[in-house]
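Under the numbering used here, think of the first position of the sequence shown as 27, with each following residue one higher.
Have a look at the structure below, then the notes.
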Amino acid sequence: MIVPFGDKTPKIHSSVFLAASASIVGDVKLGKNASVWFGAVLRGDINSVSVGAESNIQDNCVLHVARKYPCIIKNRVTVGHQATIHACTIQSCCLIGIGATVLDGAVVGKHSIIGAGATVLGGAKIPPRSLVVGTPGKVIRKLEDREIEALEKSADNYINLSAEYKKQRNGLLIPRKFEPIDVYKELLR
């Protein structure tokens with residue numbers, strides 16, 4: 027669902043994969059080959075949301091803003107399922123783990139991993155190449171080169187997956203008519 031808010035309308039590059047159940051509201055910009063998956067909400071109502079080229083926003087994520095801070099996702103970022111990214115900046119080639127939260131004014135440095143379920147507190151500055159875990163999130167070590175390569179592969183995997191979805195549904199998923207399976211047909215009579 028693409029929804030204008032006030033005088034702001036989402037700007038979506040023609041190459042973007044957008045699942046039909048995703049909600050894109052207001053001042054939102056989606057870069058080349060980005061993907062936004064099922065149930066994700068990107069809400070640019072009181073400030074802007076930007077998602078860079080080749081980034082993926084996975085199922086049921088929430089990206090929102092504050093009056094003081096926009097939400098900025100740079101290029102080739104993977105935002106895992108059910109993550110909340112609120113009014114902060116995620117530099118290029120990061121992975122935000124499943125269910126993680128990054129809060130207002132935080133900046134996550136390039137080539138970093140925020141572990142599943144971690145919470146990066148508002149105003150935190152995470153150095154590049156960091157592994158962050160826990161609540162509140164703490165840097166536990168610097169990432170190795172092989173882990174940086176894995177971050178690149180994560181972005182590539184979602185670029186390839188979104189290309190498959192676009193082929194099958196011409197870019198925008200349109201739900202098919204629901205047809206109950208045989209077991210339930212009797213119950214529905």
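C-beta: ideal position from N, C-alpha, C; glycine also.
- DSSP places Ile185 inside the alpha helix (DSSP H), whose first and last residues are Asp171 to Arg195.
- The stretch 163 to 182 and the stretch 102 to 122 touch, with three or more beta-carbon pairs separated by less than 8 Å.
- Boundaries of the beta strand (DSSP E) around Lys168: Lys164 to Lys168.
- Boundaries of the beta strand (DSSP E) around Thr110: Thr110 to His112.
- With contact defined as three or more Cβ pairs closer than 8 Å, the stretch 155 to 168 and the stretch 132 to 140 are in contact.
- Across the structure, Leu68 and Val51 are spaced so that their CA atoms are roughly 6 Å apart.
- Linking Asn73 to Leu89 through their CA atoms gives a straight-line distance of about 11 Å.
- DSSP places Asp53 within a strand segment (E or B) once states are collapsed to three.
- Counting C-beta atoms within 10 angstroms of its own C-beta, Thr127 has 16 or more neighbours from the protein chains shown and is therefore classed as buried.
- Taken atom to atom, the span from the alpha-carbon of Cys97 to that of Ser76 is near 6 Å.
- For Phe64, the secondary structure class from DSSP, reduced to helix, strand or coil, is coil.
- With a threshold of 16 other beta carbon atoms within 10 Å, Ala46 falls short and is exposed.
- According to the DSSP assignment, Ser156 belongs to the beta strand (DSSP E) that extends over Ser156 to Val159.
- Scanning its chain for C-beta atoms nearer than 8 Å, with the 5 sequence neighbours on each side dropped, one finds around Ala181 the residues Glu80, Ser81, Asn82, Arg102, Val103, Thr104 and Cys119, in chain order.
- Contact annotation: Leu169 and Leu147 have beta-carbon atoms that are not nearer than 7 Å.
- Asp53 sits buried, since 16 or more C-beta atoms from the chains shown fall within 10 Å of its C-beta.
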